[in-house]
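Numbering (our numbering), first residue to last: 16 to 235.
Accompanying notes for the structure given below.
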Amino acid sequence: MPPSANSEENATAKTQILSAVTSFSKKLIENQRYSRIDTTLPHLDPRLRLAICNTPLNVKPTSTRRKLGRLTLKISCFDKKSWSLHVPLELKAYENVVVAAQPILRGQIITAGNLTKDEREVTRLNQGYFAQPKLVVGSIAKRSIATHRVILPRSLSTPKLVNKGESISIQAISSGLSIKAMGIALVDGSLGDLIQVKNSKTQRIVEGRISAPGQIVINL
16 MPPSANSEEN ATAKTQILSA VTSFSKKLIE NQRYSRIDTT LPHLDPRLRL AICNTPLNVK
76 PTSTRRKLGR LTLKISCFDK KSWSLHVPLE LKAYENVVVA AQPILRGQII TAGNLTKDER
136 EVTRLNQGYF AQPKLVVGSI AKRSIATHRV ILPRSLSTPK LVNKGESISI QAISSGLSIK
196 AMGIALVDGS LGDLIQVKNS KTQRIVEGRI SAPGQIVINL
């Protein structure tokens with residue numbers, strides 16, 4: 016085969032590869048909820064020599080553990096001149112996430128005024144993030160958080176609404192009826208926690224979920 020024909024075939028094979036990777040990446044990111052996704056296609060070595068594939072290229076990720084970020088794809092041709100190679104693909108996903116609007120001190124109860132939203136690359140936020148400020152408001156900062164820093168779940172703790180040994184309200188609800196009593200909390204707890212409380216009148220131990228500061232609800 017003349018050198019020019021070989022060069023043209025090689026260029027066409029590379030075009031096939033890039034086209035297959037592009038199609039694969041589009042299918043991978045369709046229906047994603049992110050504000051945008053940037054795709055970085057592979058740079059193919061100019062020394063690469065491959066024959067044109069007369070069948071559709073097969074594209075598979077070498078790992079199925081992640082669909083975004085830095086991926087490695089195996090490209091295979093299954094016609095008579097079969098060949099395969101591995102290429103990188105990077106998909107960067109961005110989303111508006113909750114960040115600190117101002118410095119937040121350790122131990123501070125976070126309010127809506129402490130928060131804002133900003134677009135960040137979430138494929139790098141392996142420790143999680145928050146999409147809505149309401150999910151953060153009322154939490155306590157476990158460490159100081161600088162302005163514009165992403166609010167991470169590990170940086171927050173849920174405030175205690177009930178303390179062990181304190182007198183709290185017990186609200187028992189059944190078929191639309193509500194009965195109230197007082198009791199002593201046997202453990203600490205946060206919103207939504209299921210805790211044990213000793214009824215002050217009957218001395219009976221009951222379980223209920225914390226619904227507000229100093230209050231549990233029992234659904235009978």
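Yeah, the Cβ is synthetic: ideal placement off N, Cα and C, and Gly gets one too.
- Nearest Cα to L209 within the set T217, E136, N234 and K216: N234.
- When C-alpha distances from T131 are compared across K41, L176, K107 and A161, the shortest belongs to A161.
- L100 is bridged by DSSP to I90.
- Taken in chain order, the complete beta strand (DSSP E) segments of 3 residues or longer contained in the stretch 119-196 are 130-136, 175-177 and 182-189.
- The closest CA to that of L206, considering only I220, V232, S193 and F145, is found on V232.
- The three-state reading of DSSP puts Q211 in strand, counting E and B together.
- The count of Cβ pairs closer than 8 Å, one atom from the stretch 108-115 and one from the stretch 164-177, reaches three, so the stretches are in contact.
- A Cβ-Cβ distance of about 4 Å is found for the pair V212 and G198, placing them in contact under the 8 Å criterion.
- In this structure, I52 places its C-beta atom within 8 Å of the C-beta atom of K107.
- Rounded to whole angstroms, D203 and L150 show a C-alpha spacing of 22 Å.
- Under DSSP, Q230 shares a beta bridge with S184 and A227.
- With a cutoff of 8 Å on beta-carbon distance, I185 and G223 are scored as near each other.
- For N73, the uninterrupted beta strand (DSSP E) run begins and ends at N73 to P76, by DSSP.
- When secondary structure is reduced to three states using DSSP, L201 falls in the coil class, being assigned neither helix nor strand.
- The residues D203, G204 and S205, in chain order, have a CB closer than 8 Å to that of K175 in the same chain once the five nearest residues on each side in sequence are set aside.
- Under a 10 Å Cβ-count criterion, R135 is classified as buried, with 16 or more other Cβ atoms of the shown protein chains found around its own Cβ.
- By the 16-neighbour rule on beta-carbons within 10 angstroms, L104 is buried.
- In terms of Cα proximity to K179, the closest of I225, N46 and S172 is I225.
- Our two residues, A28 and S40, have alpha carbons roughly 18 Å apart in a direct line.
- The continuous beta strand (DSSP E) containing T55 extends over residues R51 to T55.
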